[in-house]
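Novice: Residue numbers (UniProt numbering), protein chains in the order written: chain A, 1 to 451; chain B, 1 to 451.
We treat Cβ as the ideally placed atom computed from N, Cα and C, and that holds for glycine.
Every value quoted in this text rests on a predicted model; they were computed, and no experiment measured them.
What follows is a structure written as structure tokens; I'll ask about it next.
Protein chains: 2
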Amino acid sequence: MRPVSRLPQTIKQLLASGKATSFTTITGHIRSIRRQKQVTFALIDDGSCAEGLQAVLKNCSDSLTFGTAVRLNGKLIPSRGPGQDIELLVDSAEVVGPCDPSTYPLQAHSGNTTEFLRSNLHLRLRTQLMQQTMRLRADLKSAIESFLNASGFVYCHTPIITGIDAEGGGESFRVEEGKEFFGAPAHLTVSSQLHLEAFQAALGRVYTLSPCFRAERSMTGRHLAEFWMLEAEWTSSSLDELCGFVEDMLKHAIGDTLDHAWPRVTFHDAIKILEASQQSFAFPPHPSQPLQSEHEKYLAEVHFKGPVFVINYPKAMKPFYMRANDDGETVACFDLLVPRVGELIGGSVREEREDALRRNMLQAGLISEGDMAENAYSSYLSLRQHGSLPHMGFGMGFERLLVWIGAEKGLVETGSVREAVGMPRWKGRMGIRHNTQLDSTEWISLLKRLC
Amino acid sequence: MRPVSRLPQTIKQLLASGKATSFTTITGHIRSIRRQKQVTFALIDDGSCAEGLQAVLKNCSDSLTFGTAVRLNGKLIPSRGPGQDIELLVDSAEVVGPCDPSTYPLQAHSGNTTEFLRSNLHLRLRTQLMQQTMRLRADLKSAIESFLNASGFVYCHTPIITGIDAEGGGESFRVEEGKEFFGAPAHLTVSSQLHLEAFQAALGRVYTLSPCFRAERSMTGRHLAEFWMLEAEWTSSSLDELCGFVEDMLKHAIGDTLDHAWPRVTFHDAIKILEASQQSFAFPPHPSQPLQSEHEKYLAEVHFKGPVFVINYPKAMKPFYMRANDDGETVACFDLLVPRVGELIGGSVREEREDALRRNMLQAGLISEGDMAENAYSSYLSLRQHGSLPHMGFGMGFERLLVWIGAEKGLVETGSVREAVGMPRWKGRMGIRHNTQLDSTEWISLLKRLC
Numbered sequence: 001m002r003p004v005s006r007l008p009q010t011i012k013q014l015l016a017s018g019k020a021t022s023f024t025t026i027t028g029h030i031r032s033i034r035r036q037k038q039v040t041f042a043l044i045d046d047g048s049c050a051e052g053l054q055a056v057l058k059n060c061s062d063s064l065t066f067g068t069a070v071r072l073n074g075k076l077i078p079s080r081g082p083g084q085d086i087e088l089l090v091d092s093a094e095v096v097g098p099c100d101p102s103t104y105p106l107q108a109h110s111g112n113t114t115e116f117l118r119s120n121l122h123l124r125l126r127t128q129l130m131q132q133t134m135r136l137r138a139d140l141k142s143a144i145e146s147f148l149n150a151s152g153f154v155y156c157h158t159p160i161i162t163g164i165d166a167e168g169g170g171e172s173f174r175v176e177e178g179k180e181f182f183g184a185p186a187h188l189t190v191s192s193q194l195h196l197e198a199f200q201a202a203l204g205r206v207y208t209l210s211p212c213f214r215a216e217r218s219m220t221g222r223h224l225a226e227f228w229m230l231e232a233e234w235t236s237s238s239l240d241e242l243c244g245f246v247e248d249m250l251k252h253a254i255g256d257t258l259d260h261a262w263p264r265v266t267f268h269d270a271i272k273i274l275e276a277s278q279q280s281f282a283f284p285p286h287p288s289q290p291l292q293s294e295h296e297k298y299l300a301e302v303h304f305k306g307p308v309f310v311i312n313y314p315k316a317m318k319p320f321y322m323r324a325n326d327d328g329e330t331v332a333c334f335d336l337l338v339p340r341v342g343e344l345i346g347g348s349v350r351e352e353r354e355d356a357l358r359r360n361m362l363q364a365g366l367i368s369e370g371d372m373a374e375n376a377y378s379s380y381l382s383l384r385q386h387g388s389l390p391h392m393g394f395g396m397g398f399e400r401l402l403v404w405i406g407a408e409k410g411l412v413e414t415g416s417v418r419e420a421v422g423m424p425r426w427k428g429r430m431g432i433r434h435n436t437q438l439d440s441t442e443w444i445s446l447l448k449r450l451c
Numbered sequence: 001m002r003p004v005s006r007l008p009q010t011i012k013q014l015l016a017s018g019k020a021t022s023f024t025t026i027t028g029h030i031r032s033i034r035r036q037k038q039v040t041f042a043l044i045d046d047g048s049c050a051e052g053l054q055a056v057l058k059n060c061s062d063s064l065t066f067g068t069a070v071r072l073n074g075k076l077i078p079s080r081g082p083g084q085d086i087e088l089l090v091d092s093a094e095v096v097g098p099c100d101p102s103t104y105p106l107q108a109h110s111g112n113t114t115e116f117l118r119s120n121l122h123l124r125l126r127t128q129l130m131q132q133t134m135r136l137r138a139d140l141k142s143a144i145e146s147f148l149n150a151s152g153f154v155y156c157h158t159p160i161i162t163g164i165d166a167e168g169g170g171e172s173f174r175v176e177e178g179k180e181f182f183g184a185p186a187h188l189t190v191s192s193q194l195h196l197e198a199f200q201a202a203l204g205r206v207y208t209l210s211p212c213f214r215a216e217r218s219m220t221g222r223h224l225a226e227f228w229m230l231e232a233e234w235t236s237s238s239l240d241e242l243c244g245f246v247e248d249m250l251k252h253a254i255g256d257t258l259d260h261a262w263p264r265v266t267f268h269d270a271i272k273i274l275e276a277s278q279q280s281f282a283f284p285p286h287p288s289q290p291l292q293s294e295h296e297k298y299l300a301e302v303h304f305k306g307p308v309f310v311i312n313y314p315k316a317m318k319p320f321y322m323r324a325n326d327d328g329e330t331v332a333c334f335d336l337l338v339p340r341v342g343e344l345i346g347g348s349v350r351e352e353r354e355d356a357l358r359r360n361m362l363q364a365g366l367i368s369e370g371d372m373a374e375n376a377y378s379s380y381l382s383l384r385q386h387g388s389l390p391h392m393g394f395g396m397g398f399e400r401l402l403v404w405i406g407a408e409k410g411l412v413e414t415g416s417v418r419e420a421v422g423m424p425r426w427k428g429r430m431g432i433r434h435n436t437q438l439d440s441t442e443w444i445s446l447l448k449r450l451c
């Protein structure tokens with residue numbers, strides 16, 4: 001293997017090495033600047049870390065203001081102030097990108113509202129909240145992918161444009177109209193699972209971290225029209241192994257702060273806990289009704305005070321591809337519920353028996369007797385006709401992981417999936433800057449804050 | 001850090017450990033079976049590696065045929081045959097997924113044509129070509145991402161649904177019609193670059209490996225409607241650093257088989273080489289005309305016999321965001337040309353000066369005087385107005401990398417990007433199984449081969 005690249009060191013790398021004797025060049029933004037009589041202190045941010053690097057300037061031009069992009073040459077010396085081992089004693093400073101304080105939105109409106117920042121996504125990324133969230137996002141992706149790779153999983157790129165509406169939920173986006181390009185109606189994928197199962201049947205252990213799309217009309221902090229989903233499938237049929245693997249994967253990704261065994265309860269017992277809770281829910285819990293978000297949060301936040309697997313849901317509440325348990329009433333599945341989010345991961349043993357799967361699909365109205373050859377799901381059934389492997393898997397909304405872990409680790413409190421991704425899309429909102437396309441009520445509220 | 005998962009070992013892991021004394025269970029497909037009088041040899045494929053594991057069965061049911069999914073319990077013993085250190089002496093064998101040889105397409109048509117396999121994507125994945133390609137794809141992804149992470153780059157998820165048509169090429173797909181969902185016309189991204197530049201301006205060094213979409217009507221082996229692109233952007237303005245970094249990254253990913261310095265020639269000199277070549281080209285090379293695919297392949301395959309950077313193209317041939325060189329005629333850019341593919345990577349220093357960028361955009365017709373506030377590109381210009389960082393970057397078609405490296409390393413010869421991704425989409429073709437949606441000429445040619 002060749003060595004790592006010959007790029008100059010980032011501030012993060014400089015701070016980690018701690019060497020205080022070398023000359024260096026730093027290019028970045030001024031995050032803050034403090035002028036004293038003899039000397040000026042500027043905190044330089046190159047995007048690599050939360051700390052930034054303190055620069056000490058003997059002569060400092062007035063053009064060095066908050067947000068300005070500068071190139072600084074100087075010598076790293078031991079820091080005399082607290083907080084950092086080293087600081088940059090500047091020989092020469094050059095403004096490479098001026099930033100007029102009178103027009104820079106981030107400065108003109110310091111303490112910008114969440115909504116203002118959402119309307120200026122390209123500048124929102126420069127806030128510390130977003131920088132830290134994006135770095136955490138990348139770190140979590142690396143940690144999870146490393147874990148899966150080391151466990152023998154093969155990363156697969158599943159298709160985004162598809163003819164299948166995974167669970168028949170009808171929330172998919174259409175790509176173009178009619179049949180002009182692909183020769184068939186095209187949709188944006190709502191889940192990679194069905195395609196990933198075809199990869200699984202060839203490669204044994206597979207995963208993907210892929211964009212998914214749902215035409216969600218609900219405007220909660222848990223839903224986006226475009227989001228990223230980690231999905232994995234592998235050969236096995238043990239629900240116990242499935243939950244254990246998910247627990248190991250997440251604990252690996254987030255370190256040991258949650259290092260106790262996560263409880264598992266059946267759906268049936270979860271309902272009993274909710275019924276016994278004396279909590280006043282908007283939707284009374286009932287064994288014939290799905291868990292509501294308020295129920296999920298109660299279980300994770302109040303009752304178990306941490307992640308909890310709810311397993312073996314009633315068959316009628318879950319999609320056609322989940323494998324029936326021997327009781328005939330429930331399916332071999334789990335939802336992992338966590339604080340602040342509710343459902344973080346859902347997974348199940350998949351129905352690998354052709355006859356059972358076909359019955360489920362008929363019942364769900366996805367196929368009808370006799371149309372198999374033409375049906376979009378025929379390949380899914382075909383996998384069961386030709387050397388069907390017992391298999392199982394899960395899907396995790398990646399933004400939800402950020403909302404949970406960011407707060408859990410005390411790193412970033414995004415509160416909403418809209419702050420867990422750089423450029424979120426939801427109903428009525430798209431693009432880097434879309435002030436002009438806000439709903440009228442949002443407009444008015446924004447204008448009130450700005451005026 | 002917690003240990004790696006507690007999943008059972010894959011065949012790849014078993015072969016790597018080489019331990020020959022433990023009892024184990026393997027679940028996989030029968031890749032080949034050879035019955036002798038006393039004993040049967042079956043090669044078991046769990047998808048983890050090209051080798052598979054040889055299983056030795058004393059008693060073997062007739063239902064164990066090619067493609068059947070089996071679960072085998074037995075003991076790993078030193079192999080008596082050549083090729084592998086260990087083999088599985090089977091105690092018990094269970095068919096978990098039967099596979100009728102009379103209906104299994106992969107067996108009924110052994111030596112399946114490329115076109116037949118493309119029409120059965122879900123089963124195509126079980127061919128050795130596709131399995132190896134998918135594993136190579138995952139390995140290259142890991143190697144490149146490790147290199148970028150170690151070099152201080154932050155992985156960013158750029159948006160798929162966007163209001164921007166990156167270079168104004170008009171080849172984007174529309175998502176839905178009208179303004180009903182997002183409040184503005186929505187497209188599938190043709191390149192993440194412009195959005196990635198907003199991430200760059202916040203995080204310094206960024207990259208993404210993201211799906212891109214082009215409504216390409218050309219049906220060559222270099223084009224897909226849906227493909228994956230690696231894109232990176234970072235703070236710097238040195239074309240020399242840009243080419244060097246790309247070279248280091250690729251050499252890291254592919255090992256040392258190509259370990260000599262890759263030549264760099266200017267566009268101007270490349271044209272001279274072509275003109276002097278005595279080669280008869282369909283398009284005669286000319287300094288005022290872009291390089292054609294035949295020119296690119298000639299340079300990489302015949303003249304330089306390996307990767308070559310062509311740099312400093314005429315300004316008029318390249319998009320608006322590339323930074324002008326001091327000569328006023330050329331831009332600070334490169335295309336990396338490789339054998340079998342032609343252009344693998346394109347990159348440039350980006351125009352970070354607002355006035356120059358604005359002139360380019362006016363000239364390209366992307367903006368007109370006075371409409372800036374409403375324009376989809378306003379945020380792109382805004383990045384230049386507020387602390388603009390000098391930066392540069394590149395984009396690489398991931399499928400093209402597979403076509404080149406697969407052949408170069410002698411691993412897989414895909415020949416076409418259509419075999420470099422699991423479920424390719426191109427004009428007229430989508431879905432896992434689309435026999436019924438072939439063009440009529442393709443239909444006839446397919447039927448002729450099958451009958």
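Between glutamate 352 (chain A) and chain B, is the shortest Cβ-Cβ distance under 9 Å, so that the two count as touching?
Specialist: Position 352 of the first sequence, counted from the start, is the residue given in the question as residue 352 (chain A). Closer than 9 Å: yes.
Novice: By a C-beta neighbour count over all protein chains shown, 10 Å radius and 16 as the cutoff for buried, is glycine 406 (chain B) buried or exposed?
Specialist: Counting from one through the second sequence, the residue named residue 406 (chain B) turns up at place 406. Flag for glycine 406 (chain B) reads buried.
Novice: On the premise that leucine 274 (chain B) lies in contact with tyrosine 313 (chain B), defined as a C-beta separation below 8 Å, what is that separation, rounded to the nearest angstrom?
Specialist: Walking along the second sequence from the start, residue 313 (chain B) turns up at place 313. Walking along the second sequence from the start, residue 274 (chain B) turns up at place 274. The pair is not a contact, with the Cβ atoms about 14 Å apart (cut-off 8 Å).
Novice: Hey, quick one: how far does the alpha helix (DSSP H) through leucine 15 (chain B) stretch, first residue to last?
Specialist: The residue labelled residue 15 (chain B) in the question sits at position 15 within the second sequence. 11–17 is the extent of the alpha helix (DSSP H) around leucine 15 (chain B).
Novice: Measure from the C-beta of histidine 122 (chain A) to each C-beta in chain B and report whether the shortest distance is under 9 Å.
Specialist: By one-based count along the first sequence, residue 122 (chain A) stands at place 122. For histidine 122 (chain A), the answer is yes, since a Cβ of chain B falls inside 9 Å of its Cβ.
Novice: With DSSP as the reference, label valine 349 (chain B) as helix, strand or coil.
Specialist: In the second sequence, counting from the first residue as 1, residue 349 (chain B) sits at position 349. Correct three-state label for valine 349 (chain B): strand.
Novice: Is the number of C-beta pairs between the segment 386–393 of chain B and the segment 231–242 of chain B that are closer than 8 Å three or more?
Specialist: Segments in contact, yes.
Novice: Using three-state DSSP, classify aspartate 269 (chain A) as helix, strand or coil.
Specialist: Counted from its first residue, the first sequence places residue 269 (chain A) at position 269. Here aspartate 269 (chain A) sits in helix by DSSP.
Novice: Name the chain B residues whose beta carbon is nearer than 8 Å to that of glutamate 176 (chain A)?
Specialist: Here residue 176 (chain A) refers to the residue found at position 176 of the first sequence. Chain B residues near glutamate 176 (chain A): Phe173 and Arg174.
Novice: Among A:Val70, A:Lys37 and A:Gln38, which one has its Cα closest to the Cα of leucine 53 (chain A)?
Specialist: Counting from 1 along the first sequence, the entry for residue 53 (chain A) is found at position 53. Ranking the options by Cα distance to leucine 53 (chain A), first place goes to A:Val70.
Novice: In this structure, what does DSSP give as the bridge partners for serine 32 (chain A)?
Specialist: Locating residue 32 (chain A) in the first sequence gives position 32, counting from the first residue. Answer is A:Leu43.
Novice: Is any beta-carbon of chain A found at less than 9 Å from that of residue 456 (chain B)?
Specialist: As shown, chain B starts at 1 and ends at 451. That puts residue 456 (chain B) outside it, with no answer to give.
Novice: Candidates B:Gln193, B:Val175, B:Ser192 and B:Ser191: which alpha carbon is nearest proline 185 (chain B)'s?
Specialist: Mapped onto the second sequence, residue 185 (chain B) falls at position 185. The shortest Cα separation from proline 185 (chain B) among B:Gln193, B:Val175, B:Ser192 and B:Ser191 belongs to B:Val175.
Novice: Specify, as a first and last residue, the run of the beta strand (DSSP E) that glutamate 226 (chain B) falls within.
Specialist: For this step, residue 226 (chain B) is matched to residue 226 along the second sequence. Looking at the DSSP string, the run of the beta strand (DSSP E) that includes glutamate 226 (chain B) is 226–235.
Novice: Please report how far the alpha carbon of asparagine 360 (chain A) lies from the alpha carbon of tyrosine 321 (chain A), in whole angstroms.
Specialist: For the purposes of this step, residue 360 (chain A) is identified with residue 360 of the first sequence, where counting begins at 1. For the purposes of this step, residue 321 (chain A) is identified with residue 321 of the first sequence, where counting begins at 1. If I take the Cα positions, the gap works out to 8 Å.
Novice: Straight-line CA distance for cysteine 420 (chain A) to serine 119 (chain A)?
Specialist: Looking up residue 420 (chain A) in the first sequence gives position 420. Looking up residue 119 (chain A) in the first sequence gives position 119. Sequence inspection shows alanine at residue 420 (chain A); the cysteine mentioned does not correspond to that position. For alanine 420 (chain A) and serine 119 (chain A), the distance between alpha carbons rounds to 15 Å.
Novice: Could you compute how far the alpha carbon of leucine 230 (chain A) sits from the alpha carbon of lysine 141 (chain A)?
Specialist: Position 230 of the first sequence, counted from the first residue, corresponds to residue 230 (chain A). Position 141 of the first sequence, counted from the first residue, corresponds to residue 141 (chain A). Using only the alpha carbons, I get a separation of about 9 Å.
Novice: For threonine 27 (chain B), I'd like the list of residues in its chain whose CB is within less than 6 Å of its CB, leaving aside the five on either flank, ordered along the chain.
Specialist: Here the question's residue 27 (chain B) lines up with position 27 in the second sequence. The answer, listed in chain order, is Arg71.
Novice: Taking DSSP as the reference, what is the three-state secondary structure of isoleucine 77 (chain B)?
Specialist: What you label residue 77 (chain B) is simply residue 77 of the second sequence in a count that begins at 1. Residue state, collapsed to three classes: strand.
Novice: How far does the alpha helix (DSSP H) with aspartate 355 (chain B) in it extend, from its first residue to its last?
Specialist: Taking the second sequence and counting its residues from 1, the one referred to as residue 355 (chain B) is at position 355. Here the alpha helix (DSSP H) through aspartate 355 (chain B) covers 354–363.
Novice: Is arginine 429 (chain A) near the ligand ATP - that is, is its Cβ less than 8 Å away from at least one heavy atom of it?
Specialist: This structure does not include the ligand ATP; it has no bound ligands of any sort.
Novice: If you scan the segment 364–418 of chain B from start to end, which runs of the beta strand (DSSP E) of 3 or more residues do you find wholly inside it?
Specialist: Qualifying beta strand (DSSP E) stretches, in chain order: 391–397.
Novice: Output, in chain order, the set of chain A residues within a Cβ distance shorter than 8 Å of glycine 152 (chain B).
Specialist: By one-based count along the second sequence, residue 152 (chain B) stands at place 152. Leu7, Gln9, Thr10, Lys12, Gln13 and Ser48, listed in chain order.
Novice: Buried or exposed: valine 90 (chain B), going by 16 or more other Cβ atoms within 10 Å of its Cβ?
Specialist: Here residue 90 (chain B) refers to the residue found at position 90 of the second sequence. That one is buried.
Novice: In the DSSP assignment, what are the bridge partners of valine 341 (chain A)?
Specialist: By 1-based counting over the first sequence, the position of residue 341 (chain A) is 341. None; valine 341 (chain A) has no bridge partner.
Novice: Along the segment 89–101 of chain B, what residues have a CB closer than 9 Å to any CB found in chain A?
Specialist: Within the segment 89–101 of chain B, the qualifying residues are Val96, Gly97, Pro98, Cys99 and Asp100.
Novice: Give me whichever residues DSSP pairs with leucine 88 (chain A) in a beta bridge.
Specialist: In the first sequence, the residue the question calls residue 88 (chain A) occupies position 88. Looking at the DSSP assignment, leucine 88 (chain A) forms a beta bridge with A:Ala55 and A:Leu76.
Novice: In three-state terms, what does DSSP make of glycine 244 (chain B)?
Specialist: Against the second sequence, residue 244 (chain B) aligns to sequence position 244. Here glycine 244 (chain B) sits in helix by DSSP.
Novice: Touch check for the segment 39–47 of chain B and the segment 10–26 of chain B: three-plus C-beta pairs under 8 Å?
Specialist: Result yes; three or more Cβ-Cβ pairs closer than 8 Å.
Novice: Please report the distance separating the alpha-carbon of threonine 208 (chain A) from that of cysteine 156 (chain B).
Specialist: Here residue 208 (chain A) refers to the residue found at position 208 when the first sequence is read from its first residue. Here residue 156 (chain B) refers to the residue found at position 156 when the second sequence is read from its first residue. Whole-angstrom Cα-Cα distance: 16 Å.
Novice: Please tell me whether valine 417 (chain B) and arginine 222 (chain B) are closer than 9 Å, where the distance is taken between their beta carbons.
Specialist: Counting from 1 along the second sequence, the entry for residue 417 (chain B) is found at position 417. Counting from 1 along the second sequence, the entry for residue 222 (chain B) is found at position 222. Against a cut-off of 9 Å, the Cβ pair of arginine 222 (chain B) and valine 417 (chain B) comes out as a contact.
Novice: Run the CB neighbour count on valine 331 (chain A), radius 10 Å, all protein chains shown included, and call it buried at 16 or more, exposed below.
Specialist: By 1-based counting over the first sequence, the position of residue 331 (chain A) is 331. It counts as buried.
Novice: In whole angstroms, give me the CA-to-CA distance for arginine 205 (chain A) and cysteine 212 (chain B).
Specialist: Position 205 of the first sequence holds residue 205 (chain A). Position 212 of the second sequence holds residue 212 (chain B). Cα to Cα, the separation comes out at about 26 Å.
Novice: Looking at the unbroken alpha helix (DSSP H) that takes in arginine 118 (chain B), where does it start and where does it end?
Specialist: Along the second sequence, read from residue 1 onward, the residue named residue 118 (chain B) stands at position 118. Residues 114–118.
Novice: Could you confirm whether any beta carbon from chain B is found closer than 9 Å to the beta carbon of leucine 72 (chain A)?
Specialist: Walking along the first sequence from the start, residue 72 (chain A) turns up at place 72. Output row for leucine 72 (chain A): interface = no.
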